[in-house]
Every structure is written in C-alpha cells, then in structure tokens.
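Working notes for the structure below.
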Amino acid sequence: MIEGMVTFSEQLTQRLIDALGPIGHGNIQEEFIPVVTAATDTRFGDYQTNVAMTLAKTLRTNPRELASQIIENFDVSGLCDTPEIAGPGFINFRITNDILASRIYSLTGDERLGVALENSTKRLLIDFSSPNVAKPMHIGHIRSTIIGDCIARTARFLGHEVIADNHIGDWGTPMGQVLYGWKNHLNENDFTANPISELLRLYQLVKQQSESDPEIAEQCLKETVKLQSGDPENLALWKQFIEITLSGAQEIYKRLDIHFDTTLGESFYDQHLAPLVERLLAEGIAQESDGAICIFSSNDLDPKEDPLLVQRDGEWRPIPCMIRKKDGGFNYATTDIATIDYRVNDQKADEILYVVDDRQSLHFRQLFEVARRRGINTCLRHIAFGKILGDDRKPFKTREGTVPALGNVLDEAVDRARKIVDEKSSELPEDERADIAEKIGVGAVKYAELSQARSSDYIFSWEKMLALQGNTAPYMINAYVRTRSIFRKLEGNLEYPADSLSISEAAERSIAIKLCQYGEILPQILCDHRPNLLASYLYELAQGFHSFYEQCPVLNAEEPARSTRIALCDTTSRVLRHGLNLLGISPPERM
RNA sequence: GCUCCCUUAGCUCAGUUGGAUAGAGCAACGGAUUUCUAAUCCGUAGGUCGCAGGUUCGAAUCCUGCAGGGAGCGCCA
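For the first sequence, this note's numbering begins at 988 and goes up steadily by one.
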C-alpha cells in the first residue's frame, strides 16, 4: 500500500484523541479510544462519533457542551470541514472534496486498494470443508467450505499466514461399515458406473442395519479394528475409498477454486490417540468411568459456563468428554485433542478456527475446555453457522427427499444462469456464454451463502440467488461488467495528473467515499469472521456505482469530470473485482 | 427437564463496544431508455423490532420472566 494511506476513520480517530488531550479531563481512561464510524445517513456527513455522549456520561457533563469543546480543539487541516454537532451530542465529519479526490488519485496507483497489512500477523489454521470418506459432498458442506475459504482469502490478504486444512473424516466406525458393506453387499456394476454413489449406498445400508442388528454392528467393529491394526486387505480397500472420495471432492474444489494447504484426515492422528489417553490419565485430567475413559469437570468454573456440566432435575450433573469407549475405541473428541496438539506443536499455529455447523457447539466448548485444562493457550475458535432450509423451513432436500449433492446444486445454478445468458446476450460466442454462466452460477451459490449472516439459518431459494436485482451475485457482477465496458471503449492510457481530479456531483462523492472505506471494512471481517460484512459493503458500492453510471456520463464528459469519473470507474472496477475475489467469486468481463 | 441459537415490513433478510426519524431486496404501485448504460436507475407505499417488565439522557441491541420455532444433551462423528 502507498505509504501514508491511513484510512479516514483512523485519521479522524487520531485527531479526536489529540483533541481530547487539552480538554484536560484527567479522568479519561488512558485506554479510551474514541469510535468513529461511517455516517448512518449521508445527510449527517461522512463519519460520525458518539464520543461526546459516551464521555459525558463518565465525566458527568453536558454532551453537547463537551462536543463543542472537542470541536474547538479538533484539527481539520487537510482532512475535513469543521465538524458539526447534532442531535443529543453526535459529532459529524465531512471529508473535503479535495481530500477525497486526492485519495481517489492515490487509490488508482495502489495495488492494495488502501488496505493496510495487519500490525500483528499470526499463523492461522483454518479447519473447514471436511468431507467424509464414502460420501459425496452435499449441500451440508457448502457453508463450511465457502465461509472457510473466504476467511482464508481475507486473512491472507491482510498479511496473516494461513494454513487451510481439510480435516477429512477417514477413520473410525464408518470405515468399518463401508468395509463390511463392500464385502457383503457390493454391486460391482454400480461401483464401476459411479464409485462414490455405490460407496454411499453401502455405507447408508450398513449404517442402518447395524443400528438395529448388534450382530452386524459387531462385524463392522471387527472390520474397523482390522483396518486400524494394519490388515493389508482393509488398508488397500480403505485407500481406494479415500482416493475415490477425494477425487470427487477435488472436482468440486476445482470448480469452486478452493485450495487446501494440508489434507490431514482423522487417520493421520490415529497413532497419537493411545499415548494421548495414557498421558491424560497420568496427568489426572482423565479418569475411568463405567469402563470408558472420560474427562470430567474440574469444578473451577461457574457451572453455567462449564461445558462438562449440565443441570438435570435441579442439580448439576457431569456430561463428560469421552476419549475412550468401553470397547477400547477412541472418540471424535480424542482425535480432535490430538489434532490440536499437532496443530500447536508441529504446525505452530497461533490460532485455530473450526468452521463447523452450530450443532457441534457443545463438542467444541468441551474440546476447548480440555485444551485449557491442558495449558494450551493457543486461541481456539468455533466459527459456527446455521442450517440451510427449504421453503418449508425444514432442512433443504431435493424433490426426491434426499440431501442435494453439491455438484448437482452447482450444475443447476449454472444451467439456470445459462438460460438467462442465452436470453440476454445471444450475440456472444457459445464458449464465452458457457464461461459466463459457470462464473455467474457458481458465484451465485457462493454469494447467496456469504451475503447471509453466518450464525442464522437461511432459506435456500434459486429465485433469490439468481435474481437479477437485489443483493445477488448477478447484480454485483453486472456492476463490474459495466465498469469493464467503459474501459473497452476507452482509447489512450490511464494516466492521471495528481491535480486533475475534482469531485463535484453527489453520485461521484458517494462512490468516492465508499471506495475509500474498503480498507476500513476488510479488517472488520476477521474480527468476528463475518463475510457478510464484505458482501454488504460490495453491494452498497455496486448500488452506488449503478446510480453513478445512470447519472454521470463518463467518456463524453468534459474535463476534469472525465478524468475524475474514469478514475472512479477504474477504482470501482478494481475494488469490486478484488472484493469478489475475496468472496471466492471471479467475475466475467462481459455478461 | 436442562443448555445454546432464533423470532425485525406480506415474503427473504441486514442491523456487534446501547445512539439520530429501525434499513435493504423481492412482491405491489408510479415513472425513466435519441445517451458509455435496462441483468439498470428514480419515486410511492408498507413496522407494536414475538410478549411483559427492568436498567438509562437514550434499548431491535443489555438484564429478568413468558410464549413460539430449531438444535444439542456418556460410549456416533
């Protein structure tokens, strides 16, 4: 980034701190940092702060009076107009048009688009996607995969070192079930025709059988034990199952443009499980209970906060974290604890994010509590998300009542996009239309996901996803395409003299200020891992740009408006493309 | 039974240290295309923020209770 490109919000904050000094209220806490936010309404200006109201409360003084004192001491030079006091004590700031124009000029030459690298960077391990062996990726994987990838891309851009880890489910009970199914119920023709779907059929069949028939469950366990003790036949079959599963998943990842740094399945940690349990026993963290090995509450937390306790019939009872079953098998939690050890000790992660649905929140709370008890102070976070529902508000299913395969969802989205492309842009060559449809279709699926608040459930709707208006991928992509169409028609190069830009129209101003805020928005996404903040920002930018595009002629304008508008189009184009890329979306040049 | 999440316009959703008159989109209604542009723009209408209390200058946001919906709760992962 160009040196000295500190965001407006940061500059205003710093000047507020400077202004508060001479006011001489000794009891302003040293760590007090005034908050400056983008104005909630453009009528109020560009930025606002409620610092006078917040401080007036602790200082027991009149907020408007305090605000006017702050303004007296506030240095506006080279930044904004004289701040205004409004309402109960808000201070509103308006960046001057000259400063705005010069910032846009800087952005045209800035590869980082005004986004600073984080001051303290860390090694961040993100655990996401995590398909299971013998199961094709389905709609249930979409949120983890797309959210995890977006967080990874954003974190990398902000300067963190990211390890994207695909923690595949390739071990334990289900493997025995597939092996048993393979040996007893395999349909070779079906397997040859569609390996993954035959594996899924076997798994589902045997899973059901072993739930009702202990005999079969026993047989499956034997297969699992054989596999885990290195039986050559089972090992070879298992490797084949993994290969089939991963090559299916890889096709999806390729379409989604998603890449992992490591793909370490649960099996990778198997050798560490037995010693881990022994160590936990020796350390007194775990203990035997009904033949199983469990970790119970240490009782040093408030019971309400303690994930190892639950209230039942008026008293707090243990819900232990089980790490070894009565039959000697290890649990989900055991692998996860071992995985933390590897990530902390070998991969040297400073922070680990688990992008996993919110039904597993108790599991993660227990896991993190166990880590705490073991003295692991690496930051562990469960990035939980809600369910995808059908329009009946029940979990989204196909018409046949099955869970939709992710590949089919993408195909359907692309097909629908293709129909619209053919209709709207029949003049484009066939292969370009196919490419556009792929980008819009896949982009629509991703955007639908990332524009939703992560924590809430949402209703899956083709109509909404591929709608041409509203907060959708096609709308965003259309804004980008419009910027590109201008540059296809522009002759000559894109050089602006530093003093040639001049902002005057409201529509120009509106996107200019938005463009300057890209660097303010991106760091916020990592605060609580909320990609929808970026989606909303880009949507507002796209809206502003469409509006500008209607109102302000670019190529036919007189100077200096022409250069200014070209600069605004150029920067909009780059921010849109960059932001969409962070969402994992690659916009076409035409549509 | 207990714990966690959810409840905002007809529909789908934003709204995060408590801040200004609660915002979008869709659907509805009314306008705009001799233009770099319609996969677009401009406008109108639409709200008891589940209900009831509390905290305070100020609550969709924090606290308590209640109702409705979802999920989880020792040998699955």
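Cβ atoms here follow ideal geometry from the backbone N, Cα and C, with glycine treated the same way. Keep in mind it's a predicted model, so treat the numbers as computed, not measured.
- In the three-state reduction of the DSSP assignment, Pro1382 falls in the strand class, which pools E and B.
- For Leu1214, there is no enclosing beta strand (DSSP E); the residue is found in the alpha helix (DSSP H) stretching over 1201-1215.
- Of the residues assessed, Asp1300 falls on the exposed side of the cut-off, its CB having fewer than 16 other CB atoms within 10 angstroms.
- Taking the CA atoms as reference points, Asp1314 sits about 16 Å from Ala1320.
- In this structure, the alpha-carbon of Thr1365 lies about 21 Å from that of Thr1141.
- Remark: C-beta atoms of Ile1113 and Asp1152 approach each other more closely than 8 Å.
- Under the three-state reduction of DSSP, Gly1278 is assigned to coil, being neither helix nor strand.
- For Asn1568, the uninterrupted alpha helix (DSSP H) run begins and ends at 1548-1569, by DSSP.
- Boundaries cannot be given for Leu1173, as no alpha helix (DSSP H) includes it and DSSP labels it neither H nor E.
- For Gln1258, the closest of Ile1324, Ile1280, Phe1247 by C-alpha to C-alpha distance is Ile1324.
- Under the three-state reduction of DSSP output, Leu1453 falls in the coil class, being neither helix nor strand.
- In the three-state reduction of the DSSP assignment, Ile1183 falls in the helix class.
- With a beta-carbon spacing of about 5 Å, Glu1425 and Val1401 fall inside the 8 Å limit used to define contacts.
- Checking the DSSP bridge columns, you'll see Asn1079 partnered with Gln1035, Glu1071.
- Distances from the CA of Leu1007 to each of Phe1372, Ala1026, Val1038 were compared; the closest alpha carbon is that of Val1038.
- Residues of the same chain with a CB within less than 6 Å of the CB of Met1124, apart from the 5 flanking positions on each side, are Pro1118, Ala1236, Ile1239, Leu1393 in chain order.
- In its chain, beyond the 5 residues on either side, Asn1060 have a beta carbon closer than 7 Å to the beta carbon of Pro1009.
- Excluding five sequence positions before and after Ile1280, the CB atoms of its chain that fall closer than 8 Å to its own CB belong to Val1264, Leu1267, Leu1268, Ala1273, Gln1274, Met1309, Ile1310, Arg1311, given in chain order.
- Around the CB of Leu1104, fewer than 16 other CB atoms lie within 10 Å, so the residue is classed as exposed.
- DSSP assignment within the stretch 1128-1156 yields the following whole alpha helix (DSSP H) runs of 4 residues or more, N-terminal first: 1129-1144.
- Looking at the backbone, the Cα of Ala1404 and that of Val1468 are separated by about 16 Å.
- Every unbroken stretch of the alpha helix (DSSP H) spanning 4 or more residues and falling wholly within the stretch 1331-1360 is given here in chain order: 1348-1360.
- Comparing C-alpha distances from Gly1159 to each of Ile1150, Gly1252, Arg1188, Ile1473 shows the shortest one belongs to Gly1252.
- In terms of CA proximity to His1154, Ser1131 leads the group Arg1143, Ser1131, Leu1415, Glu1148.
- C-alpha of Phe1247 to C-alpha of Asp1398: approximately 23 Å in a straight line.
- Taking C-beta separations shorter than 8 Å and ignoring five residues to either side along the sequence, the partners of Leu1208 in its chain run Thr1160, Gly1163, Asp1314, Gly1316, following chain order.
- Annotated as distal: Ile1363 and Val1408, with beta-carbon spacing of 8 Å or more.
- Within the same chain, Pro1290, Leu1296 come within 6 Å of Trp1303 by CB-CB distance, once the 5 residues on both sides are set aside.
- In the three-state reduction of the DSSP assignment, Val1120 falls in the coil class.
- DSSP assignment within the stretch 1246-1294 yields the following whole beta strand (DSSP E) runs of 3 residues or more, N-terminal first: 1273-1276, 1279-1282.
- A residue is called buried when at least 16 other Cβ atoms come within 10 angstroms of its Cβ; Cys1514 does not meet this threshold and is exposed.
- Under the three-pair Cβ rule at 8 Å, the stretch 1082-1102 counts as touching the stretch 1499-1513.
- Under the three-state reduction of DSSP, Leu1528 is assigned to helix.
- Apart from sequence neighbours up to five positions away, no residue of its chain approaches Pro1201 with a beta-carbon distance below 7 Å.
- DSSP places Phe1372 in the uninterrupted beta strand (DSSP E) bounded by 1366-1372.
- Pairing Ile1150 with Gln1334 gives a Cβ-Cβ distance under 8 Å.
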